[in-house]
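Novice: Residue numbers (my numbering), protein chains in the order written: chain L, 35 to 349; chain A, 14 to 264. Quick reminder that beta carbons are idealized off the backbone N, C-alpha and C, glycines included.
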Amino acid sequence: MSEEQIKNLEEQFEARIARDEKIEPKDWMPEKYRKTHIRQMSQHAHSEIVGMLPEGNWITRAPSLRRKVALLAKVQDEAGHGLYLYSATETLGISRDEMYEQLHTGKAKYSSIFNYPTVTWADMGAIGWLVDGAAIINQVPLCNTSYGPYARAMIRVCKEESFHQRQGYEIMIKLANGTPEQKDMAQDALNRWWWPSLMMLGPTDDVSVHTAQSMKWKLKRKSNDDLRQQFIDQTVPQAELIGLTIPDPDLKWNEEKGSYDFGDIDWDEFWQVVKGHGPMNKERMKARVGAWERGEWVRDAAMAHAEKKQERKEK
Amino acid sequence: MKNENLYNYLLGIADNSLILGQRMGELCGHGPSLETDIACTNISLDLFGQVRSYFQYAGKIVGDGRTEDDIAMLRKERDYKNVLLVEQPNTNFAFTIGRQFLFDVYHLIFLAELQKSNDLTLSAIANKCIKEVSYHVRFSSDWVKRLGDGTEESKAKMQEAIDALWTYTDELFHQTEADVAMVAKGIGVDVTKLKEDYYLRVGELLKEATLHVPESKWFQKGGKEGIHTEHLGYLLSDLQYMQRTYPNMEW
Ligand SMILES: [Fe+2]
Ligand SMILES: [Fe+2]
Ligand SMILES: [Fe+2]
Numbered sequence: 035m036s037e038e039q040i041k042n043l044e045e046q047f048e049a050r051i052a053r054d055e056k057i058e059p060k061d062w063m064p065e066k067y068r069k070t071h072i073r074q075m076s077q078h079a080h081s082e083i084v085g086m087l088p089e090g091n092w093i094t095r096a097p098s099l100r101r102k103v104a105l106l107a108k109v110q111d112e113a114g115h116g117l118y119l120y121s122a123t124e125t126l127g128i129s130r131d132e133m134y135e136q137l138h139t140g141k142a143k144y145s146s147i148f149n150y151p152t153v154t155w156a157d158m159g160a161i162g163w164l165v166d167g168a169a170i171i172n173q174v175p176l177c178n179t180s181y182g183p184y185a186r187a188m189i190r191v192c193k194e195e196s197f198h199q200r201q202g203y204e205i206m207i208k209l210a211n212g213t214p215e216q217k218d219m220a221q222d223a224l225n226r227w228w229w230p231s232l233m234m235l236g237p238t239d240d241v242s243v244h245t246a247q248s249m250k251w252k253l254k255r256k257s258n259d260d261l262r263q264q265f266i267d268q269t270v271p272q273a274e275l276i277g278l279t280i281p282d283p284d285l286k287w288n289e290e291k292g293s294y295d296f297g298d299i300d301w302d303e304f305w306q307v308v309k310g311h312g313p314m315n316k317e318r319m320k321a322r323v324g325a326w327e328r329g330e331w332v333r334d335a336a337m338a339h340a341e342k343k344q345e346r347k348e349k
Numbered sequence: 014m015k016n017e018n019l020y021n022y023l024l025g026i027a028d029n030s031l032i033l034g035q036r037m038g039e040l041c042g043h044g045p046s047l048e049t050d051i052a053c054t055n056i057s058l059d060l061f062g063q064v065r066s067y068f069q070y071a072g073k074i075v076g077d078g079r080t081e082d083d084i085a086m087l088r089k090e091r092d093y094k095n096v097l098l099v100e101q102p103n104t105n106f107a108f109t110i111g112r113q114f115l116f117d118v119y120h121l122i123f124l125a126e127l128q129k130s131n132d133l134t135l136s137a138i139a140n141k142c143i144k145e146v147s148y149h150v151r152f153s154s155d156w157v158k159r160l161g162d163g164t165e166e167s168k169a170k171m172q173e174a175i176d177a178l179w180t181y182t183d184e185l186f187h188q189t190e191a192d193v194a195m196v197a198k199g200i201g202v203d204v205t206k207l208k209e210d211y212y213l214r215v216g217e218l219l220k221e222a223t224l225h226v227p228e229s230k231w232f233q234k235g236g237k238e239g240i241h242t243e244h245l246g247y248l249l250s251d252l253q254y255m256q257r258t259y260p261n262m263e264w
């Protein structure tokens with residue numbers, strides 16, 4: 035193809051997106067579009083899978099049968115999200131095994147929030163409420179993103195994430211209205227998860243890279259700072275309603291701008307965790323890589339069995 | 014205690030689901046593939062759902078205010094009535110599958126009989142559970158076949174697991190005092206009558222999986238009487254942790 039032709043295709047492509055048309059797997063797309071989507075979508079899939087670990091940590095110790103069942107179902111949903119997102123990413127011409135390889139070698143990232151430990155039961159509440167809550171704010175705009183398979187995956191995923199968020203908040207309500215010990219447990223969880231949750235909305239706009247391109251492709255529709263503000267404004271009243279205190283002495287309602295002012299985020303901590311030195315980075319990777327390696331003989335067996343069955347059929 | 018035999022009978026059934034559900038729950042996020050991970054979590058979910066039905070009923074029968082969680086999480090080691098098979102650890106995926114398979118086959122034929130119970134609540138629960146358990150049997154049988162008739166390595170591992178777990182199968186067909194009383198009333202299932210069918214089904218599937226049926230005639234027992242392997246205590250310390258550390262609270 036001549037340069038002229040490619041330029042033409044690119045213009046048509048961008049025009050389709052501007053008209054709110056969906057790009058489908060068989061459509062022509064610029065290489066950069068493909069690569070950017072593989073990166074973002076696989077990162078999202080990895081986050082779902084690694085995200086199973088901190089909550090999976092409390093399945094055997096859930097305080098009641100009802101909570102145990104709900105937690106199992108939630109973690110299973112996250113596995114389903116992972117599956118769904120890996121399949122959507124595969125439509126761009128990369129295999130799930132290749133994506134795993136990138137995760138296991140550290141080439142691909144996943145959401146940093148999962149590098150914090152879940153130390154008490156209240157963390158199950160805080161994660162649902164805050165982490166799924168922040169994820170929804172990140173992901174709702176993606177329901178209208180330009181790549182069809184991703185947009186459709188997001189619609190389904192967001193529905194379940196809202197359910198998770200309510201379920202998490204409901205755990206917090208119960209604790210906040212419980213005994214002093216339970217209330218302390220809830221407050222302590224909020225104290226630990228609040229700032230990392232704010233960081234989930236991404237670096238501040240002045241340092242955030244590839245935003246302009248992402249906006250054009252509808253991979254991003256609002257800036258990180260706007261999303262963060264939205265999250266804070268939505269969450270603060272929820273904390274107040276159940277008598278918990280946001281661990282930010284600078285948090286104050288700003289009448290003029292109609293939203294909350296808040297204190298400085300510790301971006302050094304954010305980058306430390308992103309670069310692999312958070313409290314649980316090594317353990318999370320060890321768990322994923324370990325499961326993969328321990329499972330190798332099982333996957334080999336399944337493959338060998340399928341081949342034998344096929345051979346027998348052909349005979 | 015009011016209705017002591019029926020209460021104990023329900024616990025004898027439900028504890029198997031409880032302990033196996035707990036074992037399957039341990040694997041969540043650590044399985045050999047995303048698909049098996051989801052399936053194992055699903056089985057765990059089903060089993061805990063069953064447990065809730067049984068224990069809610071058990072609580073009602075005793076009628077002294079004890080809840081499903083009290084029954085599940087606040088008993089002593091010696092008061093758990095599950096068979097030894099279900100408490101065996103997730104040594105590797107072959108053990109997980111072997112344990113599941115050896116229990117599922119029993120569970121299915123047991124529930125088919127329990128559906129005929131003249132206790133209407135119990136037969137309704139059995140009716141609900143049997144649909145789930147039919148799926149469990151399919152899942153675990155398929156995997157026994159895959160691993161048995163897969164690679165050299167998987168065959169050896171699957172055989173090793175079946176050989177090791179075989180010793181716990183006979184206990185499935187032992188009767189407790191509560192069993193005998195409930196069978197006499199037309200409420201319970203006479204498990205001694207399920208034995209032949211069980212070994213026939215298991216034997217056939219193992220053959221299909223190119224595995225051999227263990228010949229050992231030495232069997233372990235005790236779970237139904239509350240004498241467990243050393244594995245159970247650790248499982249219970251996880252299961253009971255919150256209820257023991259924070260007594261009398263709601264979650
Ligand atoms: Fe997500
Ligand atoms: Fe998710
Ligand atoms: Fe979620």
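Look at the Cβ atom of ILE93(L), then the Cβ atom of VAL103(L), and state whether they are nearer than 8 Å.
Specialist: No, the Cβ-Cβ distance between ILE93(L) and VAL103(L) is not below 8 Å.
Novice: On the premise that LEU47(A) lies in contact with LEU178(A), defined as a C-beta separation below 8 Å, what is that separation, rounded to the nearest angstrom?
Specialist: Contact doesn't hold; Cβ gap of about 26 Å is too wide.
Novice: Excluding the 5 residues flanking ALA113(L) on each side, which residues of the same chain have their C-beta closer than 8 Å to its C-beta?
Specialist: GLU82, ILE83, MET86.
Novice: Measure how close the beta-carbons of GLN101(A) and ARG112(A) come, nearest whole angstrom, since I'm counting them as under 8 Å.
Specialist: Contact flag correct, Cβ pair sits at about 5 Å.
Novice: Round the Cβ separation of MET86(A) and LEU252(A) to the nearest angstrom and send it over; I've been treating them as touching at under 8 Å.
Specialist: Sure, about 6 Å apart at Cβ, within 8 Å.
Novice: Of the choices GLU228(A), THR180(A), LYS237(A), LYS144(A), whose alpha-carbon is the least far from that of VAL204(A)?
Specialist: Comparing Cα positions, the closest option is LYS237(A).
Novice: What is the DSSP secondary structure of ASN131(A), counted as helix, strand or coil?
Specialist: Coil, per DSSP.
Novice: Three or more beta-carbon pairs under 8 Å between the segment 54–62 of chain A and the segment 28–45 of chain A, yes or no?
Specialist: Output reads yes: the segment 28–45 of chain A touches the segment 54–62 of chain A.
Novice: Starting from ILE175(A), find everything on chain L with Cβ-Cβ shorter than 9 Å and list it in chain order.
Specialist: Within chain L, no residue comes near ILE175(A); the closest Cβ sits about 15 Å away, beyond 9 Å.
Novice: Grab me the residues of ASP28(A)'s own chain with a C-beta within less than 7 Å of its C-beta, minus the 5 sequence neighbours each way, in chain order.
Specialist: Answer for ASP28(A): TYR93, LYS94, ASN95, listed in chain order.
Novice: Pick out whichever of TYR118(L), ALA160(L), PHE304(L) has its Cα sitting closest to the Cα of ASN225(L).
Specialist: Among TYR118(L), ALA160(L), PHE304(L), the Cα nearest to that of ASN225(L) is on ALA160(L).
Novice: State buried or exposed for GLY235(A), treating a residue as buried only when at least 16 other CB atoms are found within 10 Å of its CB.
Specialist: By the 10 Å Cβ count, GLY235(A) comes out exposed.
Novice: Using a Cβ-Cβ cut-off of 8 Å (strictly less than) and excluding sequence neighbours within five positions of SER153(A), which residues of its own chain qualify?
Specialist: So the qualifying residues of the chain are ILE110, GLN113, PHE114, ASP117.
Novice: For TRP287(L), report the span of its beta strand (DSSP E) as first-last.
Specialist: Per DSSP, TRP287(L) belongs to the beta strand (DSSP E) from 286–288.
Novice: Could you name the residues of the segment 187–216 of chain L whose beta carbon sits closer than 7 Å to any beta carbon of chain A, in the order they occur along the chain?
Specialist: Correct list: LYS208, GLY212, THR213, GLU215, GLN216.
Novice: Could you compute how far the alpha carbon of ASP176(A) sits from the alpha carbon of SER76(L)?
Specialist: ASP176(A) and SER76(L): Cα-Cα distance of roughly 41 Å.
Novice: Any idea which residues DSSP pairs ASP295(L) with across the strands?
Specialist: ASP295(L) is bridged to LYS286(L).
Novice: Rounded to a whole number of angstroms, what is the C-alpha to C-alpha distance between GLU215(L) and GLU274(L)?
Specialist: Answer to the nearest angstrom: the Cα atoms are 19 Å apart.
Novice: Tell me, which residues are paired with ILE205(L) by DSSP?
Specialist: Looking at the DSSP assignment, ILE205(L) forms no beta bridge with any residue, so it has no partner.
Novice: By how many angstroms is the C-alpha of TYR211(A) removed from the C-alpha of THR179(L)?
Specialist: Using only the alpha carbons, I get a separation of about 54 Å.
Novice: Just list the residues that DSSP pairs ILE57(L) with in beta bridges.
Specialist: DSSP output for ILE57(L) lists TYR181(L) as bridge partner(s).
Novice: Compare the beta carbon distance of GLU200(A) and LEU121(A) with 8 Å and say whether it is the shorter of the two.
Specialist: For the record, residue 200(A) in the displayed sequence is Ile; it is not Glu. Not a contact, by the Cβ cut-off of 8 Å.
Novice: In angstroms with no decimal places, state the Cα-to-Cα distance between HIS311(L) and ARG50(L).
Specialist: Answer to the nearest angstrom: the Cα atoms are 42 Å apart.
Novice: With a 10 Å radius around its C-beta and 16 neighbouring C-beta atoms as the bar for buried, classify SER121(L) as buried or exposed.
Specialist: Exposed: under 16 other Cβ atoms inside 10 Å.
Novice: So ASP334(L) is in the alpha helix (DSSP H); what residue range does that whole segment cover?
Specialist: Unbroken alpha helix (DSSP H) run through ASP334(L): 330–348.
Novice: Chain A partners of ARG101(L), CB-CB under 8 Å?
Specialist: Per Cβ cutoff of 8 Å: TRP264.
Novice: Going along the chain, which residues put their C-beta within less than 5 Å of some heavy atom in ligand 3?
Specialist: Listed by chain position, these are ASP166(L), GLU195(L), HIS198(L).
Novice: Among the residues of its own chain, which have a CB less than 7 Å from the CB of GLU145(A), if the five just before and after it don't count?
Specialist: Here the set comprises ASP59.
Novice: Which residues mark the beginning and the end of the alpha helix (DSSP H) in which TYR144(L) is found?
Specialist: Neither: TYR144(L) is in no alpha helix (DSSP H) and is coded neither H nor E.
Novice: Could you give the DSSP three-state label for HIS241(A): helix, strand or coil?
Specialist: Of the three classes helix, strand and coil, the one that applies to HIS241(A) here is coil, per DSSP.
Novice: Going by beta-carbon coordinates alone, are LEU9(L) and ARG68(L) separated by less than 8 Å?
Specialist: Nothing about residue 9(L) can be reported from this structure: the residues present for chain L run from 35 to 349 only.
Novice: Within 8 Å of any Cβ in chain A, is that where the Cβ of VAL109(L) sits?
Specialist: At least one chain A Cβ lies under 8 Å of VAL109(L).
Novice: Closer than 7 Å between beta carbons: that is the criterion. Which residues of the segment 33–48 of chain A meet it against chain L?
Specialist: Hits within the stretch, in order: GLN35, GLY38, GLU39, CYS41, GLY42, HIS43, GLY44, PRO45, SER46, LEU47.
Novice: According to DSSP, simplified to helix, strand and coil, what is SER81(L)?
Specialist: Three-state DSSP puts SER81(L) in a helix.
Novice: Along chain L, in chain order, which residues have C-beta atoms closer than 9 Å to that of THR164(A)?
Specialist: Residues of chain L passing the Cβ test: TRP331, ASP334, ALA335, MET337, ALA338, HIS339.
Novice: Output the boundary residues of the alpha helix (DSSP H) element that contains LEU24(A).
Specialist: Run containing LEU24(A): 17–39, per the alpha helix (DSSP H) assignment.
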